[in-house]
Every structure is written in C-alpha cells, then in structure tokens.
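One structure is given below, encoded as structure tokens.
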Amino acid sequence: MKNIKMIVTDLDGTYLRTDKTISEYSRKIITECRNKGLLFIIATARPIRAVKDFLSESDYDGAIFHNGAVVKLGDEPFSGFGIPNPGKIISILLDAHPGLHACVEMQDRLYVNFDPGNIWEGIEYTLTDFTDLPSGEADKLLLEATSVEDMKRYEPLLPQDLYIQLSENAVAMIMNKKAEKMRAVKEIAAHYQITPEEIVAFGDDYNDMEMLQRCGIGVAMENAIDDVKRLADEVCADNDADGVAGWLEQHILNAAKEA
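All residue numbers for the sequence shown refer to our numbering, where the first residue is 1266 and numbers rise by one.
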C-alpha cells in the first residue's frame, strides 16, 4: 500500500448516501483517519451553501466547490477559477437570445431572471435583470438548454477561456476551463507538500475521472458509471453501503494496525 497522506472524495453518489445523508460509521472512520494525520478533502460540483446541511467546515480540511471554481482550506478561500465580467457575458447572451432563462452563481448566491422552482425545488434565489450583480467573478453561469443544439447556439458567444456543457434538469453549465477537480486537488496537495502519489481519490462520475486516474490510488464506487470503473485502480462498495469508509477502514486503518 502506498503511503497515503490525503483523502479526496466526491460527495453525491460517493461519500453521500442516495438520501443525501452521511452515516455515523462514515463520520467515525473519517475522524479516525484525520486523527492519524491524513487530510480529508471534499471535491464536489455543489456550491458552498448546498453542503452546509450535512457537513460543517470542521468536518474537512479542505473543499473544492463548483468542480474547482472555488477552493477553500477550512473556512478561508484558497484559490479557484471563476468567470470575469459575468454581467457582460449574460448581456451578450440575452441580446442574441431574448427571453433566455439564465442564472449566475457568485458569492454563494444564485441570481436569476426567472423562477427556477421547476428546476431546483425549494432553492433560494435573487431575482434580477443582471444589471445589479455584485462586483467580482462568478463561479459559474447556467442557461436553459433542452438539447445539444441549444447549447451549440450559445457557445460561439462565449469567451475562449470558458466552456459549456449540458447538465441535468435541462440546463447548460458555463465555467472557466481551468475549473477542474484535479487542478484544485494538486494545488491543495502542493500547499501541504503532498504528491499526487500520496493521495487516494473516490468518485462515481465523469467529473471524477481525472483525479481517479492521476492520484496515487483511484477508487470507483460500485454504483459508478462503467467508464469510471474501467479506469479506476479499485472498486469499493456502493455509496449506500458506505463504500468510502469501508475502503479506508480496511486499507488505511486496519493496515496501520497490522504494520
């Protein structure tokens, strides 16, 4: 077993159970790993506010939000790759496509020009025409898009340093091309003088693939998509069976006892 110093895990479909809870067993195992000096890092596409219901800042050593657009160590901002001039970009899109439903994620708030309740039930938002956005960079932009054709209509209007991809709920997501989980993982690791070889990473979906490939040990969940399973070094139990914690107990905690 490699000398693992850092644990990185995706949340949805990985560390979180399907009902979006974390078992006491999983919390116990992570605490034991941290007590042994391992760093625990979460890496998610979620915004900060969408993690607070089940994890506090004391539950992890670092966090990667919005797939790397926002990176924090404890409660302090560390790095990230946002979108400059979001208001200008949205204005260009709306001029070309009047009536387009659009959202701007920035400073852990969602700014929209429509009621997003049909897409995200119960979500908090600020209604705006985007002329009064706060100063600074956005974490990501979201546009109504029901097909690849919709997405392709927006793409030529975007700056070269941004990318667009279809997400769930008939939405196209726009982000900085540098906002990647693995890029953020490497920055955190370098801060602590840890190499990628000293990291174990857990994931289940396409946005986890690079970190599973490039970290020392990449572990796919049993419930992961097939492409992720094929490239992973190992496959652990599914998220509802606490696969992350089970793997850590067997390969980190029990291995340390036997050494």
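Built from N, CA and C at the ideal position, the CB exists for glycine as well.
Remember, it's a predicted structure, so these values are computed and weren't measured experimentally.
- Annotation: the continuous beta strand (DSSP E) that includes lysine 1405 extends over 1405-1409.
- Contact annotation: the stretch 1432-1446 does not touch the stretch 1278-1290, with fewer than three C-beta pairs closer than 8 Å.
- With respect to the C-alpha of leucine 1427, the residue from Glu1409, Asp1404 and Arg1448 having the closest C-alpha is Asp1404.
- In this structure, DSSP gives proline 1342 an extended state, which the three-state scheme calls strand.
- With respect to valine 1493, alanine 1466 sits apart: the two C-beta atoms are not nearer than 9 Å.
- When beta bridges are read from the DSSP output, valine 1493 appears opposite no residue.
- When C-alpha distances from tyrosine 1390 are compared across Ala1521, Gln1425 and Gly1382, the shortest belongs to Gly1382.
- For serine 1432, the three-state secondary structure derived from DSSP is strand.
- Per DSSP, threonine 1296 is not a residue of any beta strand (DSSP E); the alpha helix (DSSP H) it occupies stretches across 1289-1300.
- Three or more beta-carbon pairs separated by less than 8 Å link the stretch 1475-1483 to the stretch 1450-1464, which places the two stretches in contact.
- Between the alpha carbons of aspartate 1324 and phenylalanine 1305 lies a distance of about 8 Å.
- Excluding five sequence positions before and after alanine 1449, the CB atoms of its chain that fall closer than 6 Å to its own CB belong to Ile1329, Gly1333 and Val1336, given in chain order.
- Shown here, threonine 1279 sits in a helix according to DSSP, grouped into three states.
- In the same chain as alanine 1454, and ignoring 5 residues on each side of it, the C-beta atoms closer than 8 Å to its own belong to Met1271, Thr1460, Pro1461, Glu1463 and Ile1464, in chain order.
- The C-alpha of tyrosine 1457 is placed about 10 Å away from the C-alpha of lysine 1451.
- The secondary-structure analysis by DSSP pairs tyrosine 1325 with nothing; it has no beta-bridge partner.
- Taking C-alpha positions only, leucine 1365 is separated from arginine 1374 by approximately 20 Å.
- At the C-beta level, glutamate 1402 and proline 1351 come within 9 Å of one another.
- Boundaries of the alpha helix (DSSP H) around leucine 1477: 1474-1479.
- Leucine 1398 sits away from valine 1377, with the two beta carbons spaced by 9 Å or more.
- By the criterion of a C-beta distance shorter than 8 Å, isoleucine 1490 is surrounded in its chain by Asp1469, Asp1470 and Tyr1471, once the five residues flanking it on both sides are discounted.
- In the displayed model, arginine 1311 falls within coil according to three-state DSSP, outside both helix and strand.
- Assignment of beta-bridge partners to leucine 1392 by DSSP yields Val1377.
- Here alanine 1308 is buried: its Cβ has 16 or more other Cβ atoms, across all protein chains shown, within 10 Å.
- Counting C-beta atoms within 10 angstroms of its own C-beta, isoleucine 1388 has fewer than 16 neighbours from the protein chains shown and is therefore classed as exposed.
- If you look at glutamate 1499, you'll find it in the beta strand (DSSP E) that goes 1499-1501.
- Glutamate 1386 counts as exposed, since fewer than 16 other C-beta atoms from the protein chains shown sit within 10 angstroms of its C-beta.
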